[in-house]
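Written out below as structure tokens is the structure these notes cover.
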Amino acid sequence: MNNLTLTADQAKAMGQNISGSKSFGPLTLNYNIDLSIPQISASATLYGVSIGSVVINPNSPSATIGGNVGIAKAELTLTANFQSNELDYNVDVEAFGHTIYSGSGKLFSW
Numbered sequence: 001m002n003n004l005t006l007t008a009d010q011a012k013a014m015g016q017n018i019s020g021s022k023s024f025g026p027l028t029l030n031y032n033i034d035l036s037i038p039q040i041s042a043s044a045t046l047y048g049v050s051i052g053s054v055v056i057n058p059n060s061p062s063a064t065i066g067g068n069v070g071i072a073k074a075e076l077t078l079t080a081n082f083q084s085n086e087l088d089y090n091v092d093v094e095a096f097g098h099t100i101y102s103g104s105g106k107l108f109s110w
């Protein structure tokens, strides 16, 4: 059996990167936050087709990803508040001219 040790600094470093995903109907957002910078990178797909990616940081705290894939279109705005440690979203997804999802809220906090 191996005797592995982990220093407090190593443990802290392990918690500096947080990744996840969230789906809004056919729109899927994948995100990664690096708290050591701090910076959030995000990419979105609509029905599995990439519609863009963004990088959010204290100098550029808001960004929009949007696009269409013929039958559907989506627009997603992400806004980070680095003072209160949260990422908010506002999203609209349509297919065949009808709203599939429209909403806003807190995506996550750290």
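Numbering (full-length UniProt numbering), first residue to last: 1 to 110. For glycine and all other residues, C-beta sits at the position ideal for the given N, C-alpha and C. Source: prediction; values computed, not measured.
Identify every residue that forms a DSSP beta bridge with Ala72.
-> DSSP output for Ala72 lists Ala95 as bridge partner(s).
Spatial distance of Tyr101 from Ile37 (CA atoms) | Between the alpha carbons of Tyr101 and Ile37 lies a gap of roughly 32 Å.
Who are the Cβ neighbours of Asp34 in its own chain at under 7 Å, not counting the five residues just before and after it?
-> Exclusion of the five residues before and after Asp34 leaves Gln16 and Asn17 as the residues of its chain whose Cβ lies within less than 7 Å of its Cβ.
Starting from Phe24, follow the beta strand (DSSP E) in both directions and report where the run begins and ends.
-> Here the beta strand (DSSP E) through Phe24 covers Asn17 to Phe24.
One or two residues paired with Phe108 in a DSSP bridge = Paired residues: Leu87.
Do Ser60 and Ser41 have their C-beta atoms within less than 8 Å of each other?
-> Not a contact, by the Cβ cut-off of 8 Å.
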